Amino acid sequence: MSNKKSIVDIPTVNKIARLSRLDIPEKNKQSLTNDLNNILGFVANLEEVDTSNVEPLASVTGHKLPLRSDIVTDGNMEDLVLKNAPESSSGFFVVPKVIE
Amino acid sequence: MSDLLKYDLLGASEAIKSKEISSVELTNAYIEAIEKTSSLGAYLEIVKDKALEMAKVSDENISKGVSRPLEGLPIGIKDMFCTKDIKTTASSKILDNFYPTYESTVTQNLWNDGAVMLGKLSCDEFAMGSSNETAAKGNVINPWLKHKKMSPGGSSGGSAAAVAARSALAATGTDTGGSIRQPAAFCGITGLKPTYGRCSRWGIVAFSSSLDQAGPLTRTVSDAALMLNSMASYDKKDSTSANLNMPDLMSYLGNSIKGKKIGIPKEYTQDGISDDIVNFYQKSINWLKEAGAEIIPVSLPHTKYALPVYYIIAPAEASSNLARYDGVRFGQRKEASSLDEMYEATRGEGFGDEVKRRIMIGTYVLSSGYYDAYYLKAQKVRRLIKEDFENVFKKVDYILTPSTPTTSFELGKKQDPLTMYLNDIFTVPASLAGLPGISLPIGLDKLGLPIGIQLIANSFDEPGLISTAHVLEKSADFNFIADGAAK
């Protein structure tokens with residue numbers, strides 16, 4: 012498990028930035044790499060905890076997620092939904108062209 | 235005029251109900267106080283006309299003999315709460331032009347109960363920070379030792395600064411790892427983070443969904459009880475909302491704590507805590523003892539893993555939650571020729587450095603090959619931390635700890651992200667376990683900066699938390715007012 016924890020380098024930062032859809036300027040990459048390594052170093056002490064028989068905890072509430080009836084609840088609010096869109100047209104969000 | 239600012243929330247409520255003062259008078263006094271203290275930078279948006287309109291309705295209600303629980307009381311709202319048609323930015327550039335078309339459940343509850351809205355309060359960007367320095371619109375200054383430009387703490391720094399500066403009678407905050415309790419401690423006020431699930435998360439800008447919880451920042455414990463009474467509710471729109479009635483917290487004020495057991499965890503007295511805080515921690519223990527409580531040493535053995543767990547889980551959830559800022563549906567867009575370039579440019583320009591760091595960490599720990607080693611491991615240790623508390627709460631009723639390892643620091647002095655993260659060392663464990671915690675002011679350090687003490691209760695024991703905090707508040711008798719407060 013621990014052998015999977017490699018130190019972050021600039022190619023890794025490029026990959027993670029791409030997955031995160033974040034444009035990181037070249038000049039900031041080294042300091043960001045250092046920050047990430049420091050933070051990952053800080054959390055590395057978790058390795059020493061024996062968790063072999065421990066179930067992961069995703070929610071502290073202890074209750075089951077409630078279900079609701081499978082009915083449309085959108086409320087016909089097209090105008091409100093689009094109100095904050097940077098660009099919209101004929102009831103749609105507009106994005107840069109994705110098909111050549 | 236200044237007489238009006240002397241009322242705390244409960245006092246103002248009584249004065250309005252008895253028609254000693256009107257809500258319009260009180261609201262005008264607060265609008266003036268906001269203007270007088272504007273150099274602190276606590277407010278991002280002031281809604282003067284709306285405030286006076288709401289105050290007028292309250293005065294009309296009072297004249298008709300109707301009074302809702304918060305009738306006519308002017309409060310500030312952290313900019314993490316969506317407020318209908320009022321700009322909501324989460325202190326981020328990426329939401330600079332966002333006007334929600336809906337109202338968060340918590341703020342709607344407050345307006346339904348008669349509260350008057352003064353405006354939106356600054357915070358760390360997307361509530362990520364412990365000094366309010368990551369806010370896109372600049373720093374907030376702590377009203378204590380104002381000339382020295384100290385941090386109000388964070389992320390609810392604007393909320394804490396406004397309550398301490400008397401430019402809001404009370405304020406809402408959100409707490410993910412300490413964002414209500416740490417700024418409350420830094421600003422000499424009371425901050426309460428309820429049990430996870432007490433307050434609906436619906437309409438609150440999401441940071442880390444398994445941790446985020448709204449709560450009040452107030453001058454007193456009674457005020458916190460009054461605010462939380464209104465803020466808390468079961469809400470079908472939040473799937474993690476607790477379907478439990480909140481007892482009337484006001485009825486728990488003044489209860490004796492005789493025979494109650496208070497746990498003192500040995501892991502919370504480590505190196506690096508300032509001497510003044512250690513001294514006041516000891517004083518608080520003595521005060522509780524004098525009030526008839528039994529002091530019991532306890533151990534929460536996984537405490538030292540709380541921050542590492544938090545700095546995996548919170549960024550992981552944030553990286554997912556913040557995927558919605560894509561320049562398509564709301565917020566800023568930076569034009570580019572392809573869709574992916576548009577996403578990258580929009581997010582690269584719209585998010586600040588700390589937010590980017592957390593998105594990057596979160597994406598990394600969730601990415602293929604690292605998920606088990608980091609994210610799953612953190613979730614497992616989170617369970618151990620929660621079990622530590624469960625074991626201790628078999629033996630004690632409440633846990634007493636310092637709120638923070640140090641008092642406030644000068645703005646611009648703590649640049650290293652990890653040093654900043656250590657601010658939340660005493661508040662993060664209760665957050666990970668979903669437990670309610672309150673920070674209240676108990677004294678001043680050598681420099682004259684406020685010191686906070688934290689009480690942690692078992693899940694959904696806000697009533698007992700209020701009783702115990704109220705006893706401690708009486709003993710501490712903290713009557714200091716920040717030098718930068720409105721006069």
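Those sequence lines, one after another, are chains A and B.
Residues 12 to 111 in the numbering used here are what the first sequence spells out, letter by letter.
Residues 235 to 721 in the numbering used here are what the second sequence spells out, letter by letter.
From the three backbone atoms N, C-alpha and C, an ideal C-beta is built for every residue, glycine too.
Note that this is a predicted model, so its numbers are computed, not measured.
Residue-level contact to chain A via CB, residue i, 9 Å cutoff
i, result
"L683 (chain B)", "no"
"I268 (chain B)", "no"
"E578 (chain B)", "yes"
"A557 (chain B)", "yes"
"P303 (chain B)", "no"
"V340 (chain B)", "no"
"K253 (chain B)", "no"
"S413 (chain B)", "no"
"I690 (chain B)", "no"
"L610 (chain B)", "yes"
"F514 (chain B)", "no"
"K312 (chain B)", "no"
"K590 (chain B)", "yes"
"N479 (chain B)", "no"
"S601 (chain B)", "yes"
"K614 (chain B)", "yes"
"S553 (chain B)", "yes"
"F564 (chain B)", "yes"
"A476 (chain B)", "yes"
"S389 (chain B)", "no"
"I676 (chain B)", "no"
"K327 (chain B)", "no"
"A570 (chain B)", "yes"
"T368 (chain B)", "no"
"R581 (chain B)", "yes"
9 Å Cβ cutoff, residue i in contact with chain B
i, result
"V83 (chain A)", "no"
"N49 (chain A)", "yes"
"K38 (chain A)", "no"
"P77 (chain A)", "yes"
"E89 (chain A)", "no"
"S70 (chain A)", "yes"
"I21 (chain A)", "no"
"I18 (chain A)", "no"
"S31 (chain A)", "yes"
"S13 (chain A)", "Note that S13 (chain A) scores a pLDDT of 41, beneath 50, so its modelled location is shaky and nothing firm can be said."
"V106 (chain A)", "yes"
For residue j and residue i, believed in contact at Cβ under 8 Å, the rounded distance
i, j, result
"G586 (chain B)", "E279 (chain B)", "The Cβ separation is near 19 Å, so there is no contact."
"P499 (chain B)", "V543 (chain B)", "The Cβ separation is near 17 Å, so there is no contact."
"Y609 (chain B)", "A550 (chain B)", "5 Å"
"L403 (chain B)", "Y277 (chain B)", "With 8 Å as the limit, L403 (chain B) and Y277 (chain B) do not qualify as a contact, their Cβ atoms being about 14 Å apart."
"G348 (chain B)", "L304 (chain B)", "5 Å"
"L30 (chain A)", "S601 (chain B)", "6 Å"
"E528 (chain B)", "G493 (chain B)", "7 Å"
"A398 (chain B)", "W378 (chain B)", "7 Å"
"F441 (chain B)", "A552 (chain B)", "6 Å"
"A246 (chain B)", "L344 (chain B)", "Incorrect: roughly 15 Å between the Cβ atoms, too far for contact."
"R616 (chain B)", "I547 (chain B)", "7 Å"
According to DSSP, residues forming a beta bridge with residue i
i, result
"S99 (chain A)", "A:F104"
"Y277 (chain B)", "B:L355"
"M384 (chain B)", "B:E644"
"D347 (chain B)", "D347 (chain B) is not bridged to any residue."
"A447 (chain B)", "According to the sequence provided, residue 447 (chain B) is Gln. The question's Ala does not apply to it. DSSP lists B:D409 as partners of Q447 (chain B)."
"V532 (chain B)", "B:P499"
"Q688 (chain B)", "B:T635, B:S673"
request  = Taking 8 Å as the threshold, find out whether the segment 363 to 381 of chain B comes into contact with the segment 322 to 334 of chain B through three or more Cβ pairs.
outcome  = yes
message = Count Cβ pairs between the segment 669 to 678 of chain B and the segment 705 to 716 of chain B that sit closer than 8 Å; are there 3 or more?
response = yes
Near-chain A residues of the segment 526 to 549 of chain B (beta-carbon distance less than 8 Å), N- to C-terminal order = Going along the segment 526 to 549 of chain B in chain order, one finds H536, K538, Y539, L541, P542, V543, Y545, I546 with a Cβ nearer than 8 Å to chain A.
ask   = Would you call the segment 554 to 574 of chain B and the segment 652 to 664 of chain B in contact, with 3 or more CB pairs under 8 Å?
value = no
ask   = Which residues, taken in chain order from the segment 651 to 674 of chain B, show a beta carbon closer than 7 Å to some beta carbon of chain A?
value = P651, L652, A667, G668
ask   = Can you find at least 3 beta carbon pairs, one from the segment 282 to 297 of chain B and one from the segment 326 to 343 of chain B, that sit closer than 8 Å?
value = no
query = Name the residues in the segment 420 to 443 of chain B whose C-beta lies less than 8 Å from a C-beta of chain A; which are they?
reply = Y430, G431
query = Between the segment 534 to 543 of chain B and the segment 430 to 445 of chain B, do three or more beta carbon pairs fall short of 8 Å?
reply = The segment 534 to 543 of chain B and the segment 430 to 445 of chain B do not touch, with fewer than 3 CB-CB distances between them shorter than 8 Å.
task = Note down, in chain order, all residues in the segment 618 to 651 of chain B with a beta-carbon under 7 Å from any beta-carbon belonging to chain A.
result = L618, K620, P651
ask   = Would the segment 663 to 673 of chain B and the segment 620 to 627 of chain B be scored as touching if the rule is three or more Cβ pairs under 8 Å?
value = Taking a cut-off of 8 Å for Cβ pairs, the segment 663 to 673 of chain B and the segment 620 to 627 of chain B touch, as three or more such pairs fall below it.
key: Residues of the segment 55 to 70 of chain A with Cβ closer than 7 Å to any Cβ of chain B, in chain order   = N56, L57, V60, T62, V65, E66, P67, L68, A69, S70
request  = Taking 8 Å as the threshold, find out whether the segment 459 to 471 of chain B comes into contact with the segment 482 to 492 of chain B through three or more Cβ pairs.
outcome  = yes
query = For the 8 Å Cβ check, are there 3 or more pairs between the segment 508 to 518 of chain B and the segment 683 to 702 of chain B?
reply = yes
Contact set between the segment 487 to 510 of chain B and chain A, restricted to residues whose Cβ is under 9 Å from the partner = Residues passing the 9 Å Cβ filter: none.
query = Along the segment 458 to 470 of chain B, what residues have a CB closer than 7 Å to any CB found in chain A?
reply = none
task = Say whether the segment 402 to 417 of chain B touches the segment 442 to 458 of chain B, bearing in mind that this needs 3 or more beta-carbon pairs closer than 8 Å, one atom from each stretch.
result = yes
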